[in-house]
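Enquirer: I have a structure here, written as structure tokens, and I will follow up with some questions on it.
Number of protein chains: 2
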Amino acid sequence: MRLLSPGSGPRVDLGVVLLEADARLGGRTFTVSGEGENTKKLSFDIGGQWIGKKQTRIYELVKQLDIKTIPQFHQGKKVFQSNTSVSTYSGTIPKINIFKILDFELNLRYYMDSLAAKINSLRGWSSKKSGLDSKSVESILYDKTYSDCGGLLDVFVRAVWGTEPKHLGLLFSLFYIHSAGGVYPLAETEGGAQEAKLEGGTQQISQKCAEKFISKGGNIKLNQLVVKITKEKDGTYLLMCRDPTNSDAPFTLYRSKYVILAIPPTQYKSIQFEPCLPLEKQLLAEKAFMGSYLKMILLFKKPFWREKGYSGEITCALDESSFPEFPITMGFDSSQENAKSWGLVVFLAGTSGLYWTQKSTPERHAAVLKHLRHLFKDCEVDEPIEIIEKNWNVHPFTKGCPVNCIPTGAMKLFECAAAPVGNIHFASTETAKEWHGYMSGAVEAGERTAFEVLHKIDSKFPLPVQHQPTQNHSLVSLQNILILIILAIALLAWWFLN
Amino acid sequence: MRLLSPGSGPRVDLGVVLLEADARLGGRTFTVSGEGENTKKLSFDIGGQWIGKKQTRIYELVKQLDIKTIPQFHQGKKVFQSNTSVSTYSGTIPKINIFKILDFELNLRYYMDSLAAKINSLRGWSSKKSGLDSKSVESILYDKTYSDCGGLLDVFVRAVWGTEPKHLGLLFSLFYIHSAGGVYPLAETEGGAQEAKLEGGTQQISQKCAEKFISKGGNIKLNQLVVKITKEKDGTYLLMCRDPTNSDAPFTLYRSKYVILAIPPTQYKSIQFEPCLPLEKQLLAEKAFMGSYLKMILLFKKPFWREKGYSGEITCALDESSFPEFPITMGFDSSQENAKSWGLVVFLAGTSGLYWTQKSTPERHAAVLKHLRHLFKDCEVDEPIEIIEKNWNVHPFTKGCPVNCIPTGAMKLFECAAAPVGNIHFASTETAKEWHGYMSGAVEAGERTAFEVLHKIDSKFPLPVQHQPTQNHSLVSLQNILILIILAIALLAWWFLN
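Next up, the structure:
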């Protein structure tokens, strides 16, 4: 890549350049320090936080980069809130009406898992024939269930995608579940996507990769927001960038033979392409929407939840209208034992995230604290000593989190997400086949596009092999079968005893 | 309303002011002259064109304004293209496989009509309980039909909403059908929405209303794009406008006690509100999307279709992938007999509209002409003497046509479309209850908001009464029953004879 000066100035050949719109590397991973006296030297992840052993790509990379993993604390009672009550449970199944659980497990979760297990490739599935792309995730409540078990579906969708089941396309959710190997791997801590944290936070993955990149001669330019990509007559691309921190700064121009765009499809709209992107890419950018996440880490003097036997895991299966009173969607322990830092991390996801984006910070903090006091009734929930929060909904370069969601009717477009356009290649976790939407998917996308470009430069480099998910799909897992047996026994027992 | 100068200049009290972003009045109605020697004095509607007698509000207004209506020419054979063949028919039902017709009529059209007939108010229907809002219109193909009759649904949805059935929410489509009194009133020429044209075009409705408005002391300011609306401490609104035709012109400021916004919800995003709009309005603006229409009027030396007994009505029930070859969605005769001007008007709707937006004008014109030659095989289709076209998809103040569409899960938001926010009132046909999406709906919305504001100024003005659709819902119409009887007899006959 060449750095061009608009006038008669120098033209510098830069080799491989990474242009980053933000003032820092890391994208949707973001590690900050606390501001309090005791937390200044601690790292807190206000973006992507967890990795799981089943996410082989990111796990291997983390090992290579010599970053230590810390298991997510999950010992003790979990808190579950439904519209009517707050209860506690251990294991996987919350203590609510057995019929609702059975209905959810057999008719929704098993249905989604068994369909998802079959989706090896989207081709065919996204054609009209399957019909799955014409319905939202919410529709399966009407097609498949008998009881009022929608709250469980709601909280699953909000937690994973940051949206509501009625907005999310069913086929997209099945593809997503397939890419992770099942519903439980997405939802669970142990053995799932929330298994382990990284000592020092997740942003260092990008930072350590960047160090290697620079040591090999790579260039990194921060505060370079690409606003226009023009294909020139000679086949090269002219990239026009502006500095988002300085509106007076002149545009910077780069010329390059190959471009890898590692941004979510919703962000394609922020770049002017000449010639314009093909119709399916444009429509994908229009139809996809970013989930909504507001992440809040509350630091307390003491781990009041641990003292009463709670794990700190919170699941709130609530109606969409209850968010003004109950903002939290889910929560986890985020303590750093070595540093004697005791914290809970909570997410305001989907409509709750959007609702609370509009409110002032003090209002939001007060509402979350009030909700925590409601959830941990038998604990003394003191005022937090510090609150660290990140509202991804107003982040200028993603406008949401964690991932692009696809509504009904758009999976044909989504099939083409990873397809290059000329020498423009598309990365970002939204183009991954395995652990789509996660850091592991982002690594897959990065590797794939790198090989695509290398193969174009020199055909001795092989095209990337399409990996098949290595993890066993949880459909036939021991856990799955055990849950079904336990539920069936419970139902039979209930039936005989009544 | 007051016109304010930013500095120390004059402040003019303007009474009631209409601020129009465009250089002309009329919005989605647009009447132009031809450019050819013989067409310079003729009017052509390149926007909203037809009204029907069942659309009582616009019909009354047109009468009041003394505008003459001309019946839409529809005598003769209609052309119907399916994926496999081109056929002709008279009446309502195209000559295709009787099973497909029966399947469509009994399982889709009747299903939609009978559900739509029940929807008096959205309340309740848009709640989770009905489940209709969780599915796209396409989903009923899988839930209700047995044959491959989807093409008929496709062309209906493209023609009415300018989108594909997979993107459109089912409950929204039912509400829309209800607002028009049935599927046939939407789709048909005689007795339907395409019944009559206006002598001199439809834009004169706005122009003649504007004359009356000015004669009563009203002010109209063109080229005033509202970019910001700030609610001041005294409760008035400060409107900041820029001239879209002159980027150097300073902003113009207006202050007003009441604001009526007559723009589609998708356009709310183009205005910065302070304080911001309530969450449901913001989400509605995000979730709604504008249909896609490209309108083309082809003028010929002679009415080749009429000479061979065709009405000029074209319906193409085609797969989404066939648009590169077959761009036309539907077409009508647009001749002006008195002036011996012979024309066909065709629409490229939904994906076809978007696809052809990207192509050059000559390519588009050539493709449409080739398609016409395919449809009228037995005619001599000469080169047109003039082509007048309007691509609404690139129109800066609507970014599409004819109407805002609602995807799954957004009907709760849509319920609130007409609700005022402080003294900001919301008009546009997207807030109408009767003939929603049509000019008649726009009149309803205008009247409703005017009464809302008048009532606030002086409570002796009554609040607008919620009208019930006056037309009989076509569910129990003679036409409907006759069609069902004829189809049943045809099926029985076919069954006995085979």
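Those protein sequence lines, which keep their order, are chains A and B. Every letter in the first sequence is one number past the one before it in UniProt numbering, and letter 73, counting from 1, is 73. Every letter in the second sequence is one number past the one before it in UniProt numbering, and letter 36, counting from 1, is 36. Where is the CB? At the ideal position from N, CA and C, for every residue including glycine. Since the model is a prediction, treat every value here as computed from it, not as a measurement.
Taking the beta carbon of I140 of chain B as the centre, do at least 16 other beta carbons fall within 10 Å, making it buried, or is it exposed?
Expert: Buried, since its Cβ has 16 or more Cβ neighbours within 10 Å.
Enquirer: Let me know the secondary structure DSSP gives Y89 of chain A once reduced to three states.
Expert: If DSSP states are grouped into helix, strand and coil, Y89 of chain A belongs with the strands.
Enquirer: Quickly, what does DSSP pair S256 of chain A with across the bridge? List them, please.
Expert: Partner(s): A:Y237.
Enquirer: Which residues mark the beginning and the end of the alpha helix (DSSP H) in which F99 of chain B is found?
Expert: It spans I98 to L102 - the alpha helix (DSSP H) in which F99 of chain B sits, taken as one unbroken run.
Enquirer: Please report whether the beta-carbon of T145 of chain A lies at a distance below 7 angstroms from any beta-carbon of chain B.
Expert: Not an interface residue.
Enquirer: Just how far apart, CA to CA, sit D378 of chain A and T329 of chain A?
Expert: Between D378 of chain A and T329 of chain A, the C-alpha separation is close to 20 angstroms.
Enquirer: Between the C-alpha atoms of F175 of chain A and D133 of chain A, what's the straight-line distance to the nearest angstrom?
Expert: Distance between the alpha carbons of F175 of chain A and D133 of chain A: 11 angstroms.
Enquirer: Put G312 of chain A into one of helix, strand or coil per three-state DSSP.
Expert: Looking at G312 of chain A - three-state DSSP - the assignment turns out to be strand.
Enquirer: Output, in chain order, the set of chain B residues within a Cβ distance shorter than 9 angstroms of E164 of chain A.
Expert: By Cβ distance, chain B contributes G409.
Enquirer: T245 of chain B: buried (16+ other C-beta within 10 angstroms of its C-beta) or exposed?
Expert: When all chains shown are included, T245 of chain B counts as exposed.
Enquirer: Taking beta-carbon pairs under 9 angstroms, can you tell me which members of the stretch 236 to 265 of chain A lie near chain B?
Expert: Under the 9 angstroms Cβ criterion, the stretch 236 to 265 of chain A contributes no residue.
Enquirer: Assess contact between the stretch 50 to 60 of chain A and the stretch 426 to 439 of chain A, defined as three or more Cβ pairs (one per stretch) separated by less than 8 angstroms. Is contact present?
Expert: The answer is yes - the stretch 426 to 439 of chain A touches the stretch 50 to 60 of chain A, with three or more Cβ pairs under 8 angstroms.
Enquirer: Establish whether the CB of H167 of chain B and some CB of chain A are separated by less than 7 angstroms.
Expert: Yes, contact with chain A.
Enquirer: By alpha-carbon positions, which one of B:L222, B:T202, B:Y110 and B:G353 ends up nearest to I177 of chain B?
Expert: Among B:L222, B:T202, B:Y110 and B:G353, the Cα nearest to that of I177 of chain B belongs to B:Y110.
Enquirer: Please list, in chain order, all residues of the same chain as N472 of chain B whose beta carbon is under 8 angstroms from its beta carbon, the five residues on each side excluded.
Expert: With a pLDDT of 48 at N472 of chain B, under the threshold of 50, the modelled position of that residue is not reliable, and the figure given next carries that caveat. Excluding residues within five positions, the ones whose Cβ falls inside 8 angstroms are G181.
Enquirer: Does any residue of chain A have a CB that is nearer than 7 angstroms to the CB of T470 of chain B?
Expert: A caution first: T470 of chain B carries a pLDDT of 44, below 50, which makes its placement in the model unreliable, though a value can still be read off. With 7 angstroms as the cut-off, T470 of chain B does not count as an interface residue toward chain A.
Enquirer: For chain A, check one thing: does any of its Cβ atoms lie closer than 7 angstroms to the Cβ of S139 of chain B?
Expert: Closer than 7 angstroms to some Cβ of chain A, the Cβ of S139 of chain B qualifies, so yes.
Enquirer: Let me check understanding here. Comparing Cα to Cα, which of A:F44, A:R255 and A:L261 lies closest to K281 of chain A?
Expert: Taking only the C-alpha atoms, the option nearest K281 of chain A is A:L261.
Enquirer: On the premise that K399 of chain B lies in contact with T266 of chain B, defined as a C-beta separation below 8 angstroms, what is that separation, rounded to the nearest angstrom?
Expert: About 7 angstroms separates the two Cβ atoms, so the contact holds.
Enquirer: With a 10 Å radius around its C-beta and 16 neighbouring C-beta atoms as the bar for buried, classify V394 of chain B as buried or exposed.
Expert: With fewer than 16 Cβ atoms within 10 Å of its Cβ, V394 of chain B is classed as exposed.
Enquirer: Looking at the structure shown, is E389 of chain A part of a helix, part of a strand, or coil, going by DSSP?
Expert: Note: E389 of chain A maps to strand in three-state DSSP.
Enquirer: Which residue from B:H425, B:G312 and B:H455 puts its Cα closest to that of G446 of chain B?
Expert: Per the Cα distances, B:H425.
Enquirer: Does the Cβ-Cβ distance between S311 of chain B and G76 of chain B come in under 7 angstroms?
Expert: Taking 7 angstroms as the Cβ cut-off, S311 of chain B and G76 of chain B qualify as a contacting pair.
Enquirer: Cβ-heavy atom distance between M330 of chain A and the ligand SAH below 6 angstroms?
Expert: As far as ligands go, the structure on display features none, and thus does not contain the ligand SAH.
Enquirer: Based on the DSSP secondary-structure assignment, which residues constitute the bridge partners of M296 of chain B?
Expert: DSSP output for M296 of chain B lists B:V346 and B:E389 as bridge partner(s).
Enquirer: Considering F213 of chain B, what are the terminal residues of the alpha helix (DSSP H) in which it resides?
Expert: It spans Q203 to S215 - the alpha helix (DSSP H) in which F213 of chain B sits, taken as one unbroken run.
Enquirer: Assuming contact is defined by CB atoms lying nearer than 7 angstroms, are S82 of chain A and A317 of chain A in contact in what I supplied?
Expert: The answer is yes: Cβ separation under 7 angstroms.
Enquirer: Whose Cβ in chain B lies nearer than 9 angstroms to the Cβ of G131 of chain A?
Expert: Within chain B, the residues near G131 of chain A are E138, S139, L141, Y142 and D143.
Enquirer: Could you name the residues of the same chain whose beta carbon sits closer than 8 angstroms to that of H167 of chain B, not counting the 5 residues immediately before and after it, in chain order?
Expert: Answer for H167 of chain B: S136, F289, C405 and P407, listed in chain order.
Enquirer: Restricting to Cα atoms, I'd like to know which of B:L299, B:D243, B:S292 and B:S90 is closest to E383 of chain B.
Expert: When only C-alpha atoms are compared, the closest one is B:L299.
Enquirer: On the three-state DSSP scale, how would you describe T470 of chain A?
Expert: With a pLDDT of 44 at T470 of chain A, under the threshold of 50, the predicted position of this residue should be treated as unreliable, though the coordinate-derived value follows. Looking at T470 of chain A - three-state DSSP - the assignment turns out to be coil, as it is neither helix nor strand.
Enquirer: Beta carbons nearer than 9 angstroms to chain A: which residues of the stretch 322 to 354 of chain B have them?
Expert: The residues in question are T351 and L354.
Enquirer: Whole angstroms is fine: what's the gap from G200 of chain B's alpha carbon to L294 of chain A's?
Expert: The straight-line gap from Cα to Cα measures roughly 55 angstroms.
Enquirer: Kindly indicate which three-state DSSP category G150 of chain B falls into: helix, strand or coil?
Expert: Helix.
Enquirer: Do the stretch 214 to 226 of chain A and the stretch 11 to 20 of chain A make contact, defined as three or more Cβ pairs closer than 8 angstroms?
Expert: A contact exists between the stretch 214 to 226 of chain A and the stretch 11 to 20 of chain A.
Enquirer: Quick one: which chain D residues come within Cβ less than 8 angstroms of C276 of chain B?
Expert: Chain labels in this structure do not include chain D; the protein chains are A and B.
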